[in-house]
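*Asks:*
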Amino acid sequence: MIPRLEVVDEIDGRGTVVSLVGGTYDGYEVLHIPRRASSWRGSRRGPLRGPGRAPADGAALVAAMGRAEELLVSLLDPGQKRDWTRHRHFWVSTPYGEVELGTVSNLTFRRNDGRSLVLCALPEPWSDLPDADIWTNLLLKLRVSPEEFFAVANYREGSTWRRGPVPVVPVVPVVPASGVRA
Amino acid sequence: MGTIRILDSSGDTAVAWDITDTETVRAAEELFRRLMVTDKKIPFARPLGASSDTAVQIDEFDPRAEEILFVRPIAGG
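Protein chains in written order, with my numbering: chain S, 1 to 182; chain X, 1001 to 1077.
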């Protein structure tokens, strides 16, 4: 069944919050972002919210998104801030490689050995959180306890998703060339 | 003055304490314990407004902390 869409609110510069009526996701609210204004990739183009858990009105939703955005930006370094402002994604360095945050369920992981994987990890529960809060949650785990992040994230290389832990390459310390003879 | 910020559907909910006011410190400590033990949320402390590079995961309430962010456990999606 194709759901009917009801406009809930217009958000300047972001898009339109619509409520899905009927179908599998009846009651969910989705932020519809016009293609020209969107830098989202992957399957999710805006926040999906479970029925009854999102702020009840558009103004509260906008306030929540703004507050989450302010918190996330305050945690970013200058390079991450620039990327987030321009492209709505940013990279997080870990001892095992870099992870790109910005598209739900589709986090690019560039391992130290050059291999690239796609990861999926989310706060539990996540559906009531503004998107920026999801990134704040994942950013802190990646920066402070990356081992825990990689232990639970699911991943794919190619088309098949696999349960975590994500295969990571151990960090090899740089050994001084003490054995080199002059 | 310190603040606990709990990520939620409103962005976050903030609860402040004043280190010179034992009542607010006690209330913040109780909240900290409940969020961590009962709600299984994860606390990170950082100097106010500092980037994630300076954040540390903590397991006890520190009244000298400037800001404590409570996030959720993560799971494979």
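For glycine and all other residues, C-beta sits at the position ideal for the given N, C-alpha and C.
Using CA atoms only, rank isn't needed, just tell me which of S:154, S:130 and S:126 is closest to residue 63 of chain S.
*Replies:* Of the listed residues, the one whose Cα sits closest to residue 63 of chain S is S:130.
*Asks:* Let's test the definition: count the other Cβ atoms within 10 Å of the Cβ of residue 1013 of chain X and tell me whether it reaches 16, buried, or not, exposed.
*Replies:* So residue 1013 of chain X counts as exposed.
*Asks:* Check distances from the C-beta atoms of the stretch 1011-1024 of chain X to those of chain S and list, in chain order, the residues that come in under 8 Å.
*Replies:* Within the stretch 1011-1024 of chain X, the residues whose Cβ lies closer than 8 Å to some Cβ of chain S are 1011 and 1012, listed in chain order.
*Asks:* State buried or exposed for residue 141 of chain S, treating a residue as buried only when at least 16 other CB atoms are found within 10 Å of its CB.
*Replies:* Buried, by the Cβ-count rule.
*Asks:* How do the stretch 1056-1066 of chain X and the stretch 1038-1046 of chain X stand: do at least 3 beta-carbon pairs fall below 8 Å, yes or no?
*Replies:* Yes, they touch.
*Asks:* Alpha carbon to alpha carbon, how far is residue 154 of chain S from residue 168 of chain S?
*Replies:* Their backbone Cα atoms lie some 12 Å apart in a straight line.
*Asks:* Is the shortest distance between the beta-carbon of residue 42 of chain S and the beta-carbons of chain X less than 8 Å?
*Replies:* Reliability of the predicted coordinates at residue 42 of chain S is poor, the pLDDT of 39 falling under 50, and no value is obtained from them.
*Asks:* According to a CB-to-CB cut-off of less than 9 Å, which residues of the stretch 1050-1071 of chain X neighbour chain S?
*Replies:* Per Cβ criterion, the list reads 1050, 1051, 1052, 1053, 1055, 1056, 1057, 1069 and 1071.
*Asks:* Could you give the residue range of the alpha helix (DSSP H) that holds residue 134 of chain S?
*Replies:* First-last of the alpha helix (DSSP H) with residue 134 of chain S: 131-144.
*Asks:* Just to confirm, are residue 123 of chain S and residue 1006 of chain X a CB contact at a threshold of 8 Å?
*Replies:* Contact: no.
*Asks:* So, is the C-beta of residue 123 of chain S closer than 8 Å to a C-beta in chain X?
*Replies:* Answer yes: the Cβ-Cβ gap between residue 123 of chain S and chain X drops below 8 Å somewhere.
*Asks:* Mind pulling the chain S residues with CB within less than 8 Å of residue 1073 of chain X?
*Replies:* In chain order: 123 and 124.
*Asks:* Just the chain A side, please: which residues come within less than 8 Å of residue 1032 of chain X by C-beta, in chain order?
*Replies:* No chain A is present in this structure, whose protein chains are S and X.
*Asks:* From what residue to what residue does the beta strand (DSSP E) around residue 123 of chain S run?
*Replies:* Run containing residue 123 of chain S: 116-123, per the beta strand (DSSP E) assignment.
*Asks:* According to DSSP, simplified to helix, strand and coil, what is residue 76 of chain S?
*Replies:* Residue state, collapsed to three classes: coil.
*Asks:* Look at the alpha carbon of residue 1076 of chain X and the alpha carbon of residue 1004 of chain X, and state the distance between them as a whole number of angstroms.
*Replies:* When rounded, the distance between both Cα atoms is 27 Å.
*Asks:* Buried or exposed: residue 128 of chain S, going by 16 or more other Cβ atoms within 10 Å of its Cβ?
*Replies:* Answer is buried; the Cβ neighbour count reaches 16.
*Asks:* What residues in its chain sit with their C-beta under 6 Å from that of residue 80 of chain S, if we drop five residues either side in the sequence?
*Replies:* If we look at residue 80 of chain S and ignore the five residues flanking it on each side, its Cβ neighbours are 90.
*Asks:* Taking 8 Å as the CB-CB limit, is residue 1002 of chain X close to chain S?
*Replies:* Not an interface residue.
*Asks:* For residue 130 of chain S, which residues in chain X fall below 8 Å Cβ to Cβ?
*Replies:* 1009 and 1011, listed in chain order.
*Asks:* Using 8 Å for Cβ pairs, my map puts residue 100 of chain S next to residue 108 of chain S. What's the rounded Cβ distance?
*Replies:* Correct: roughly 4 Å between the Cβ atoms.
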